[in-house]
Each structure stands twice: as C-alpha cells, then as structure tokens.
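Student: Below: one structure in structure tokens.
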Amino acid sequence: MIKCFYALAKDDVVSFKNNNRWLTNHPKDALMFQDIEVVWKELREVYSGDFKNLVYTDFLAEEALLRTLVK
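The opening position of the sequence shown corresponds to residue 1 in UniProt numbering, with each subsequent residue numbered one higher.
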C-alpha cells in the first residue's frame, strides 16, 4: 500500500502546478488517522449510503474497512 502512495505522490509532483509541500507529510499523519472512531462517525452514513451506490464491485463491510484503517 505504501508503494501506491509513493506512486501517487510522484504523479502529483508532475500534474500539480504548485510547490507540492504537502508531499513531505506521510499519509499516516493525516488527521483522518489520528482519531479514526470520531472520523468514522462522520463518514459512516455517507459510506453506507450514497458512496455505496457508486461502487460497482464488492463493497467492503464497515468492519473490514475499519480494520484496514487501523493497520
């Protein structure tokens, strides 16, 4: 998964026309991962509702998704 983030970062350096300072911050330090329970309470309804309707493949159960976020 970390390799994916690095690939995205490299792509962003090329495509964004700014100084890309945000790329110095590792994704694990994002506010979303600081208190997953609080963030998930805000996202749960959209994830299980509108977002679910946009997914065309297997949809992760909430428990499975949360396990990936706390690794």
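Cβ atoms here follow ideal geometry from the backbone N, Cα and C, with glycine treated the same way.
Is the beta carbon of R44 closer than 8 Å to that of E62?
Tutor: Reading the sequence shown from its first residue, position 62 is the one you call residue 62. Reading the sequence shown from its first residue, position 44 is the one you call residue 44. Yes, Cβ-Cβ distance for E62 and R44 is below 8 Å.
Student: Give me, in chain order, the residues of the same chain whose beta-carbon lies closer than 8 Å to that of C4; leave out the 5 immediate sequence neighbours on both sides.
Tutor: The residue you call residue 4 lines up with position 4 of the sequence shown. Answer for C4: no residue qualifies.
Student: What's the C-alpha gap between L31 and D11?
Tutor: By 1-based counting over the sequence shown, the position of residue 31 is 31. By 1-based counting over the sequence shown, the position of residue 11 is 11. Going by the C-alpha atoms only, they are around 23 Å apart.
Student: Along the chain, which unbroken stretches of the alpha helix (DSSP H) at least 4 residues long are found entirely within the region 11-57?
Tutor: Complete alpha helix (DSSP H) runs here, min 4: 36-46.
Student: Nearest by alpha-carbon distance to S48: which of E37, L65 and V70 is it?
Tutor: For the purposes of this step, residue 48 is identified with residue 48 of the sequence shown, where counting begins at 1. For the residues E37, L65 and V70, the minimum Cα distance to S48 belongs to L65.
Student: Thinking C-beta only, is I36 closer than 8 Å to L60?
Tutor: Position 60 of the sequence shown, counting from 1, holds the residue named residue 60. Position 36 of the sequence shown, counting from 1, holds the residue named residue 36. No, they are not a contact pair.
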